[in-house]
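S.K.: Pasting a structure below so you can have a look.
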Amino acid sequence: MAKNEQDEALSRGEGYEEEHVHSVYEQIASHFSSTRYKPWPIIERFLKSLPAGSIGLDIGCGNGKYLAVNPDIFIVGSDRSHNLVKIASQHQPHAVAVADILDLPHQVHFFDFAISIAVVHHLSTPERRIEAVRSILQTLKPGGQALVYVWALEQESSRRGWSEKDDQDVMVPWVMKGSKKAKNDSNSETPSTDKTFHRYYHLYRKGEIEHDVEAAGGKVVEAGYEKDNWWAIAMRGET
Amino acid sequence: MKLLTLNFLTCAIKTCKSNPASFPLHPKDAELEQIEIDMNPIFIRNILPRLDWVALKTLSSELGLASLPEDVPTEEELMGEDGEATQTLKDLHVLLMETGIASGRLCCGACGHEYAVKEGIANFLLPSHLV
Numbered sequence: 001m002a003k004n005e006q007d008e009a010l011s012r013g014e015g016y017e018e019e020h021v022h023s024v025y026e027q028i029a030s031h032f033s034s035t036r037y038k039p040w041p042i043i044e045r046f047l048k049s050l051p052a053g054s055i056g057l058d059i060g061c062g063n064g065k066y067l068a069v070n071p072d073i074f075i076v077g078s079d080r081s082h083n084l085v086k087i088a089s090q091h092q093p094h095a096v097a098v099a100d101i102l103d104l105p106h107q108v109h110f111f112d113f114a115i116s117i118a119v120v121h122h123l124s125t126p127e128r129r130i131e132a133v134r135s136i137l138q139t140l141k142p143g144g145q146a147l148v149y150v151w152a153l154e155q156e157s158s159r160r161g162w163s164e165k166d167d168q169d170v171m172v173p174w175v176m177k178g179s180k181k182a183k184n185d186s187n188s189e190t191p192s193t194d195k196t197f198h199r200y201y202h203l204y205r206k207g208e209i210e211h212d213v214e215a216a217g218g219k220v221v222e223a224g225y226e227k228d229n230w231w232a233i234a235m236r237g238e239t
Numbered sequence: 001m002k003l004l005t006l007n008f009l010t011c012a013i014k015t016c017k018s019n020p021a022s023f024p025l026h027p028k029d030a031e032l033e034q035i036e037i038d039m040n041p042i043f044i045r046n047i048l049p050r051l052d053w054v055a056l057k058t059l060s061s062e063l064g065l066a067s068l069p070e071d072v073p074t075e076e077e078l079m080g081e082d083g084e085a086t087q088t089l090k091d092l093h094v095l096l097m098e099t100g101i102a103s104g105r106l107c108c109g110a111c112g113h114e115y116a117v118k119e120g121i122a123n124f125l126l127p128s129h130l131v
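Below, the structure written as structure tokens:
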């Protein structure tokens, strides 16, 4: 590891995530949202298999695209980005709030299910990622299940092309296309020239999400790989 | 934020979770709003058994809204034999789904911390000294 990479690793934690995750999503919210509308199959299957009247959480709900999947259940979505929560709030009959995954405003051991899609990989230390999984699992009633979905390191066929040999802690660019028109519209978040933002990700290795679930005191019910992502369905452990 | 949501929210501070006084949160200076949404009688019937009825009654009285029946309405009280929604169910739809807090604060009964609600969205991010 080079010196500057070491310094970078040492500085990781809450403040690092504020700069390299939270503030980025806040700025790219509506552009990001316009590219996120198609639900991924594993997540759709999980949500559609829930009995009518189930009550659950979408932790890190982003623009709320999963709120629309099953109208017979009630989901309280939450996200760190106020701008994304505003977009997510349009999905009836569900509800949303601004909250941090490590300080969730919900009863413990209560909910029928939880999902947390593409969220845990934004926490920048192993301890904080395990704490995030623990926080998700803690909301579940006995028998309740959580679906956790994270970006994979093993994605050689994707346009990013990462493989096992690559560094797991990466900065991923988000390019917001500029538009001449935006120059004259001060309300638009679209810049007049292309603007690149970088978000921090921890890319998960095979088996790592299962490890985090167990380290958080949970039990893996089912796990797998779906299009550049690792996922696990987990329950609280016996204790 | 629709009132149904408050049945599933509590204080974000970890040490409050084990304290029963942290649930439900208490609205302060709440400005209410009505947002019309389609009534789904089955949805109301299905979620009712998951509600903390006492917490809902507390909320409703703290907001100065019409008082709720002592006990959770039974299925017969929600739908007539013909499957038609009763007035009780219609009232619950208005209270839970259409009535919301547009602005104000939500106060924890255990630690006293207040969470702001603006434009219908509650913010549970904690100041750094409370994390």
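In the order they appear, the protein sequences are chains A and B.
First residue of the first sequence? That's 1 in UniProt numbering, and the numbers climb one at a time after it.
First residue of the second sequence? That's 1 in UniProt numbering, and the numbers climb one at a time after it.
Where is the CB? At the ideal position from N, CA and C, for every residue including glycine.
Computed from a predicted structure; not experimentally measured.
1. Residues of the region 44-73 of chain B with a CB closer than 7 Å to any CB of chain A: list them in chain order, please.
2. In terms of residues, what are the limits of the alpha helix (DSSP H) holding Glu-131(A)?
3. Which residues bound the alpha helix (DSSP H) around Ser-116(A)?
4. Spell out a yes or no on whether the region 32-50 of chain B and the region 224-238 of chain A are touching, meaning 3 or more CB-CB pairs, one atom from each, closer than 8 Å.
5. Let's test the definition: count the other Cβ atoms within 10 Å of the Cβ of Asp-112(A) and tell me whether it reaches 16, buried, or not, exposed.
6. Sorry if obvious, but does the Cβ on Val-175(A) come closer than 8 Å to a heavy atom of the ligand COA?
7. Along the region 207-228 of chain A, where does the CB come closer than 7 Å to a CB of chain B? Name the residues.
8. With a threshold of 7 Å on Cβ separation, who are the neighbours of Glu-77(B) within its own chain once the five nearest residues in sequence on each side are excluded?
9. Answer yes or no: does any C-beta atom of chain B fall closer than 9 Å to that of Gly-13(A)?
10. How about residue 265(A) and Val-150(A): do their beta carbons lie closer than 9 Å?
11. With a cut-off of 8 Å on the beta carbons, I'd call Ser-135(A) and Leu-84(A) a contact; round off their distance for me.
12. Are the beta-carbon atoms belonging to Ala-95(A) and Arg-80(A) less than 9 Å from one another?
13. Going by C-alpha to C-alpha distance, which of Leu-56(B), Glu-33(B), Thr-74(B) sits closest to Ser-67(B)?
14. Quick one: give me the first and last residue of the alpha helix (DSSP H) that Pro-41(A) is part of.
15. Give the straight-line distance between the Cα atoms of Ala-9(A) and Ile-55(A), rounded to the nearest whole angstrom.
16. Who pairs with Glu-114(B) in a beta bridge, going by DSSP?
17. Using 9 Å as the threshold, is the C-beta distance between Arg-159(A) and Val-172(A) below it?
18. Kindly identify the DSSP beta-bridge partner or partners of residue 318(A).
19. Pick from Ile-75(A), Lys-86(A), Arg-12(A): whose alpha carbon is nearest that of Ala-29(A)?
20. Anyone know if the C-beta pair for Ala-30(B) and Gly-104(B) falls short of 9 Å?
21. Report the residue from Val-24(A), Arg-128(A), Ser-34(A) whose alpha carbon sits nearest the alpha carbon of Gly-13(A).
22. Quick one, which residues of the region 80-92 of chain B are near chain A if we go by CB-CB under 9 Å, in chain order?
23. Look at Pro-41(A) and Glu-226(A) and say whether their C-beta atoms are less than 9 Å apart.
M.R.: On the basis of the coordinates in this document:
1. Cβ contacts with chain A come from Asn-46, Ile-47, Arg-50.
2. Segment 126-138, the alpha helix (DSSP H) holding Glu-131(A).
3. That residue, Ser-116(A), is in no alpha helix (DSSP H); its beta strand (DSSP E) goes 111-117.
4. They do not touch, by the three-pair rule.
5. That one is buried.
6. Among the components modelled here there is no ligand, and therefore nothing to report on the ligand COA.
7. Hits within the stretch: zero.
8. The beta carbon of Glu-77(B) is closer than 7 Å to those of Thr-86, Thr-88 in its chain, skipping five residues each way along the sequence.
9. No - not a single Cβ of chain B is within 9 Å of the one on Gly-13(A).
10. Residue 265(A) cannot be examined here, being either before or after the span of chain A that is shown, 1 to 239.
11. Actually they do not touch by this definition, with Cβ atoms about 19 Å apart.
12. Taking 9 Å as the Cβ cut-off, Ala-95(A) and Arg-80(A) do not qualify as a contacting pair.
13. Each of Leu-56(B), Glu-33(B), Thr-74(B) was checked against the Cα of Ser-67(B), and the nearest Cα belongs to Leu-56(B).
14. Counting along the chain, the alpha helix (DSSP H) containing Pro-41(A) begins and ends at 41-48.
15. In a straight line, the C-alpha of Ala-9(A) is about 38 Å away from that of Ile-55(A).
16. Bridge partners of Glu-114(B): Cys-107(B).
17. It is not a contact, given that the beta carbons lie outside the stated cut-off.
18. The structure shown does not extend to residue 318(A), since chain A is modelled only from 1 to 239, so the question has no answer here.
19. For the residues Ile-75(A), Lys-86(A), Arg-12(A), the minimum Cα distance to Ala-29(A) belongs to Lys-86(A).
20. In contact: Ala-30(B) and Gly-104(B) (Cβ atoms closer than 9 Å).
21. Considering only alpha carbons, the answer is Arg-128(A).
22. Residues of the region 80-92 of chain B with a C-beta less than 9 Å from any C-beta of chain A: none at all.
23. Yes, Cβ-Cβ distance for Pro-41(A) and Glu-226(A) is below 9 Å.
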